[in-house]
Amino acid sequence: IGVSLLLWAMAVDGGISRWEGLLLTGLLIGYTVMLIRQSRRETATTQVAVDAEYAQAFDGTPRGWDAHWGVQLLLILTGLVLLVVGANWLVEAAVRFAQDLGVSELIIGLTIVAAGTSLPELATSLMAAVRGERDIAVGNVVGSNIFNILAVLGVSASVAPADLAVPPTMLDFDLPVMVAVAVACLPVFFTGSLIARWEGALFLALYAAYALYLILHAVGHDGVPGYDAAMGGFVIPLVAVTLLVLAWRHWRAGPGQKR
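Written as structure tokens, this is what we have:
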């Protein structure tokens, strides 16, 4: 929430300057150092749980051809190269796609490119959830969002020859939505320290509604006013009330309640 609000404040003047990019990069370094120090101060009980988790994951069974660290390093480097090449292809194809459809590159970036670049995170979280590593599933999403703002945007703004432009539509709508979603995660994360399946479905439905909103506005559909009225007058308030009720019930029941 903090880095989202900071980004929104930086974008008020219509751009992200080099000095602001350096500030974001510096915050990333400080955040990383804080996490390292925090991990070193873990209690003995936490360390025992971590050791048991690793013992369960690596139970001494014979490993395959990728057991050697050299092979693992080669796989990591190969994956990074393929990731860079794939990202370049994705951006080029998205720009051409936007030109062919006659829509804004911002819309393509907020939908197709954003979804495409999030596929590795989605795959990681899905595999972690299936294997029961739910902490990794949640931490991967939260950590990647923080990294995208502090590192990706920070480094890009630091090396760019000019300020990174922030379109007015992003400042008026997309950035507030980003902050609102971050705030909406708080009651979900705090209610019993669990994320229920219906809550995940709720966030997925909200993203679908957001993407549909962008598409309708991009093509100038006649149903935009009605869609705006339905979302602003019913759906969003209903979601907000639901999340507030969840947080209130958890606060009344105490932190030990399970769902």
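By my numbering, the letter at position 4 of the sequence shown is numbered 14, and the numbering carries on one by one without gaps.
Glycine included, each C-beta is placed from N, C-alpha and C at the ideal position.
Around the beta carbon of leucine 120, 16 or more other beta carbons lie within 10 angstroms, which makes this residue buried.
Three or more Cβ pairs closer than 8 Å define a contact, and the stretch 158–176 meets that threshold against the stretch 14–29. Boundaries of the alpha helix (DSSP H) harbouring arginine 207: 207–229, taken from the DSSP string. Valine 95 has its alpha-carbon roughly 21 Å from the corresponding atom of leucine 116. Burial state of methionine 180 is buried, judged by a 10 Å Cβ sphere holding 16 or more other Cβ atoms. Between leucine 129 and proline 197, the CB-CB gap reaches or exceeds 7 Å. Check the Cα spacing between leucine 248 and each of Val13, Met137 and Leu212: the tightest is with Leu212. Assigned with DSSP and collapsed to three states, isoleucine 159 falls in helix.
Following the DSSP letters along the chain, one finds aspartate 173 in no alpha helix (DSSP H), marked with neither H nor E.
One Cα belongs to methionine 188, the other to glutamine 82, and the distance between them is close to 36 Å. The beta carbons of leucine 160 and leucine 34 sit about 5 Å from each other, so the pair counts as a contact at 8 Å. For serine 49, the enclosing alpha helix (DSSP H) begins and ends at 28–50.
When beta bridges are read from the DSSP output, glycine 25 appears opposite Ala175. Spatial neighbours of alanine 221 in its own chain (CB-CB distance under 7 Å, excluding positions within 5 residues in sequence) are listed in chain order as Thr121. In the three-state reduction of the DSSP assignment, glycine 112 falls in the coil class, being assigned neither a helical nor a strand state.
With respect to the C-alpha of valine 245, the residue from Asp232, Trp258, Tyr217 and Arg262 having the closest C-alpha is Tyr217.
Note on geometry: alpha-carbon atoms of tryptophan 208 and glycine 80 lie some 43 Å from one another.
Taking the Cα positions, glycine 230 is about 11 Å away from tyrosine 223. In this model, valine 101 and tyrosine 237 are separated by some 30 Å (Cα to Cα). Counting only unbroken stretches of 4 or more residues, the alpha helix (DSSP H) elements lying wholly within the stretch 117–154 are 124–127 and 129–140, in sequence order. Within 10 angstroms of the beta-carbon of leucine 111 lie fewer than 16 other beta-carbons, which makes it exposed. DSSP, reduced to helix, strand and coil, places aspartate 232 outside both helices and strands of the structure shown, so it counts as coil. Taking a C-beta distance under 7 Å as the contact criterion, serine 154 and leucine 32 do not qualify as a contact pair. Leucine 132 sits exposed, since fewer than 16 C-beta atoms from the chains shown fall within 10 Å of its C-beta. When Ala108, Gly40, Ala21 and Ala190 are compared, the shortest CA-CA separation from alanine 228 is found for Ala108. When rounded, the separation of the alpha-carbon atoms in valine 148 and leucine 174 is 30 Å. Across the set Thr134, Met20 and Ile205, the C-alpha of Thr134 shows the shortest separation from the C-alpha of isoleucine 146.
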